[in-house]
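**Student:** Note that the sequence shown covers residues -22 to -1, 1 to 179 in mature numbering (1 follows the signal peptide of the UniProt record, and there is no 0). Each residue gets a CB set at the ideal place from its N, CA and C atoms; glycine is no exception. Here it is, the structure in full.
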Amino acid sequence: MHRRLALTALATAVAVPSLVTAAFAQQQQQGGPTAAATGNTGARMGDAEAKHAADTLAAGSASLAASRVALQKASDDDVKQFARFEVAEQETIADVLKAMRDPAQAASGQVKPPAEPEVTGQLDPKGKAMLDKLEQAKSGKAFDLDYVRGQIEGHQALLKIQEAYLATGKDRENLGVAKLARGQIREHLALLADIEKDLKD
């Protein structure tokens, strides 16, 4: 895999989830008064959908928080570029999932990034420990490797979340988001493995 080409391709990929919100507006049935006022009908959220959204947000928040730190501390150019794209992607996914669940949120083509307290509030103990480690680490190759390895682990968890929902989910729009996410996660895992290999050489 050519790393430069793959990283450039990520720039276009982060925009894909935002296309989903436009599709929802056309595909969903008419909602109540709030939906009519905001232009956001929301997606149908059963138990499986709620779990998928919550689990995706939790794992994605860990990736987002770590990547925001990496933007400041990464020394390898490819690691920093990956972190930049990952921040954009996770902010978009968080915004899409929030809009899907909340018909009171006005429909918008703009991404509203989650605030830092919102992100850190989603972290489980393992995610908090990883974030603390990265925040306390010094810039350099060791930091870059820790970040990349954490991203590999986090993306593996995200992949399992998508595959679990794809095996049981019933809602068309939520399944569409999971399919898009699964494809991106697989690409990221391949790219991260390539970056890790280069960092170890």
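So does the segment 153 to 172 actually touch the segment 124 to 135, counting three or more Cβ pairs closer than 8 Å?
**Tutor:** yes
**Student:** May I have a chain-ordered list of the alpha helix (DSSP H) segments no shorter than 4 residues that lie completely inside the segment 52 to 102?
**Tutor:** Counting only runs of 4 or more, we get 55 to 79 and 94 to 98.
**Student:** Taking all protein chains shown into account, do 16 or more other C-beta atoms lie within 10 angstroms of the C-beta of Gly38, making it buried, or fewer, making it exposed?
**Tutor:** buried
**Student:** With distances taken from CA atoms, which of Gly154, Lys116 and Lys104 is nearest Val74?
**Tutor:** Gly154
**Student:** Where do the N-terminal and C-terminal ends of the alpha helix (DSSP H) with Asp176 fall, by residue?
**Tutor:** Arg150 to Lys178
**Student:** Would you mind giving the Cβ-Cβ distance between residue 186 and Ala36, rounded to the nearest angstrom? I have them listed as a contact below 8 Å.
**Tutor:** In the structure displayed, the chain extends from -22 to 179; residue 186 sits before or after that span and is not available.
**Student:** Going by alpha carbons, who is nearest to Lys178 out of Arg150, Thr146, Tyr143 and Leu123?
**Tutor:** Leu123
**Student:** For Ser117, which three-state DSSP category applies?
**Tutor:** coil
**Student:** Rounded to whole angstroms, how far is the Cβ of Gln162 from the Cβ of Glu67, which I believe are closer than 8 Å?
**Tutor:** Contact flag correct, Cβ pair sits at about 7 Å.
**Student:** Near Ser41, what residues of its chain come up, given a Cβ to Cβ distance below 8 Å and the 5 sequence neighbours on each side ignored?
**Tutor:** Glu64, Gln68, Gln129, Gly132, His133 and Leu136
**Student:** In three-state DSSP terms, what is Gly132?
**Tutor:** helix
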